[in-house]
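Visitor: Have a look at this one.
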Amino acid sequence: MEIVVSPAELPTAEVRDLPKDGLVLLDVREDDEWAAGHAPGAVHIPMGELPARVGELTDLPDDQPIHVICRSGGRSARATAWLNQSGWDAVNVAGGMGAWQREGRSMVGEHPGIEPEVI
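Heads up: the sequence shown begins at 4 in our numbering, then just goes up one per residue.
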């Protein structure tokens, strides 16, 4: 997935501006990053697998954009650009999961007894 896009052309949202409920969120981080901590209710498709698994997104509500998140915003920006060029309505989440955590948003992890974290 080699997409280059100007940041001015990319739909972007700040974590603080995202709704607390009903958000359609796609996490494109790697499996270990997801397992360490992610947003509850997010869908996980690592960026490298997105072209092959994009069909899974048809199960998501289509009345709102897909907000795409990674650790800091770089991978999600590329994934957002690719999704938009492929006909989806996608928005990059600025600052990624780092910003999500700094804003005090809820996180869950895959390791019982270990506090969720962004790695």
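Beta carbons are placed, not taken as given, at the ideal position from N, Cα and C, and that holds for glycine.
As the structure is a computational prediction, the values presented were derived from the model and not from experiment.
Ser89: buried (16+ other C-beta within 10 angstroms of its C-beta) or exposed?
Guide: To locate residue 89, count along the sequence shown from 1; it is residue 86. Exposed, because fewer than 16 other Cβ atoms sit within 10 Å of the Cβ of Ser89.
Visitor: Report the three-state DSSP secondary structure of Asp24 (helix, strand or coil).
Guide: The sequence position of residue 24 within the sequence shown is 21, counting from 1. DSSP places Asp24 in coil when its eight states are reduced to three.
Visitor: With H, G and I counted as helix, E and B as strand and the rest as coil, what does DSSP make of Ala16?
Guide: Here residue 16 is taken as the residue at index 13 of the sequence shown, counted from 1. In the structure shown, Ala16 sits in a strand (DSSP, three-state: E or B).
Visitor: Where do the N-terminal and C-terminal ends of the alpha helix (DSSP H) with Ala102 fall, by residue?
Guide: What you label residue 102 is simply residue 99 of the sequence shown in a count that begins at 1. Looking at the DSSP string, the run of the alpha helix (DSSP H) that includes Ala102 is Gly99 to Arg105.
Visitor: Which residues in the same chain have their Cβ closer than 8 Å to the Cβ of Ala16, if we skip the five residues on either side of it in sequence?
Guide: Position 13 of the sequence shown, counting from 1, holds the residue named residue 16. Excluding positions up to five away in sequence, the list reads His70, Val94, Asn95, Val96 and Ala97.
Visitor: Between the segment 54–66 and the segment 32–43, do three or more beta carbon pairs fall short of 8 Å?
Guide: Short answer: they don't touch.
Visitor: With 16 other CB atoms within 10 Å as the buried threshold, where does Asp24 fall?
Guide: In the sequence shown, the residue the question calls residue 24 occupies position 21. Exposed: under 16 other Cβ atoms inside 10 Å.
Visitor: CB-CB under 8 Å to Gly44, same chain, minus the five flanking residues each way: which ones, in chain order?
Guide: For the purposes of this step, residue 44 is taken as residue 41 along the sequence shown, with counting starting at 1. If we look at Gly44 and ignore the five residues flanking it on each side, its Cβ neighbours are Leu26 and Leu28.
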